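Those letters in the sequence shown? Residues 1 to 365, per full-length UniProt numbering, in order. Ideal placement from N, C-alpha and C gives every residue a C-beta, glycine not left out. Keep in mind the model is a prediction, meaning the values are calculated, not measured. In what follows, a structure is listed as structure tokens, so that the remarks can point back to it.
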Amino acid sequence: MEPVKAAECEDKEVCKPLKECEREMEFFKKREFAKLRVCGIFDQTMSHCCQIQSTDRFLEDSTSLVTEAVSEIETHKNFHLINEASCGAQTNYRIIGGRKARIHEFPWLVLLAYRHDDIVSFSCGGTLISKRYVLTAAHCVNQRDYNLFSVRIGEHTISKDIDCNNYKDNSTCSDLPVEDIEIESIISHKDFNNENMINDIALIRLSRDVELSKKRINVRTICLPVEESQQIDNIHDEFLNLTIAGWGLTENDRKQSDVLIKAKVPYLSNPSCIKIYDIKKRNYSTLKIEIKDSHMCAGGIERVDTCRGDSGSALMGVADLGNFSRIFQHGIVSMGVKCSQVEPFPGIYTRVSKFITWILDNMTP
């Protein structure tokens, strides 16, 4: 069977399951199939371009994400630069299980391109947090032997120009292009400590604005946890599953997957994480990891979880806001024990909520 090419939805439409679409369900019942346009296949179910309803108002709203209360952060002069109208919005409304990520599932993930002896490689990741800025780890921008020179956005399968979700009987493809954008400047946290990875956070300012539009569903920004209700700090469920995704890039191994991969990882409170590492230090005398309040932990249940996220990429969680869900970035992939270890260790991440003010202070329009 020929691959099904994903349709581009119009300005007043959103891509979602047919059963959630009032107007399109009427078309289906009347057998007016020519009026239906498939925009994706998620969890083996076709999604269609549907007329925006009141519950989809987040795609119509051109203002920043409305939060529950005015905070000091929201009065910051640069607050309008983050959490724009469609931040964290997914075409499939939820993160789907499985090792390979679907096309457009994480449209805010980017690749950092490095040059070394005229050889270009992708050795870290990051996230698009505004039309001009990428959030990443400080250790990714402080590599002496490798020159970080550009950022790739909109990628899914590195070796292919056309990305596809493949199934036994059909597939959905997208020919939306990737872009390689040069870097204007890099801001690394001045108190970054390479020994214990404290303040492992950096901003990359791109040389030009990224085009964000409803039709360009392979490029979007991710939401940052500004309100307390959006922050992982206030979630007490030790088994809360978060998500990491990437091309398996690490600054040490320099190995990668050709296709974007993902994994679910359980959230661990800092006291629980510290306890685990204290126990493991008895068996690993060279293990010198210090967990601070500006860190957070996740994973350690399966070895694969530390192999699927890129250094500098995002630890993500879903939050329900009204009648829709958004993806928030809770952590930045920072450090941990290599995935080749026989015994699993929790991954350690930079806690984004502790650095919102720093992020805003270092952004400019």
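Nearest-angstrom Cβ-Cβ length linking residue i and residue j, presumed shorter than 8 Å
i: residue 312; j: residue 289; result: Their Cβ separation, rounded to whole angstroms, is 18 Å, which puts residue 312 and residue 289 out of contact at 8 Å.
i: residue 90; j: residue 327; result: 6 Å
i: residue 147; j: residue 360; result: Between residue 360 and residue 147 the Cβ distance is about 28 Å, and since that is not below 8 Å, they are no contact.
Pair within 8 Å by beta-carbon distance, residue i and residue j
i: residue 317; j: residue 232; result: yes
i: residue 135; j: residue 153; result: no
i: residue 258; j: residue 125; result: no
i: residue 242; j: residue 352; result: no
i: residue 298; j: residue 347; result: yes
i: residue 292; j: residue 101; result: no
i: residue 109; j: residue 245; result: yes
i: residue 32; j: residue 50; result: no
i: residue 219; j: residue 365; result: no
i: residue 209; j: residue 132; result: yes
i: residue 74; j: residue 226; result: yes
i: residue 198; j: residue 294; result: yes
i: residue 120; j: residue 186; result: no
i: residue 87; j: residue 39; result: no
Cross-strand partners of residue i (DSSP beta bridge)
i: residue 17; result: 47
i: residue 366; result: It is not possible to answer for residue 366, since the shown part of the chain is limited to 1 through 365.
i: residue 137; result: Paired residues: none, contrary to the question.
i: residue 180; result: 152
i: residue 132; result: Note: residue 132 sits in no beta bridge, so no partner.
i: residue 329; result: 316
i: residue 9; result: According to DSSP, residue 9 bridges with nothing at all.
Cβ neighbours of residue i in the same chain (closer than 6 Å, five flanking residues each side left out)
i: residue 163; result: 103, 156, 157 and 174
i: residue 355; result: 201
i: residue 267; result: 240, 242 and 298
i: residue 296; result: 331, 349 and 351
i: residue 314; result: 127 and 329
Same chain, Cβ closer than 7 Å to residue i, five either side skipped, listed in chain order
i: residue 150; result: 113, 180, 181, 182 and 183
i: residue 178; result: 152, 153, 154 and 155
Under the three-state DSSP convention, the category residue i falls into
i: residue 54; result: Because the pLDDT of residue 54 is 44, which lies under 50, any placement of that residue in the model is unreliable, and the number read from its coordinates should be weighed accordingly. If DSSP states are grouped into helix, strand and coil, residue 54 belongs with the helices.
i: residue 296; result: strand
i: residue 110; result: strand
i: residue 351; result: strand
i: residue 278; result: helix
i: residue 202; result: strand
i: residue 159; result: coil
Same chain, Cβ closer than 8 Å to residue i, five either side skipped, listed in chain order
i: residue 358; result: 189 and 201
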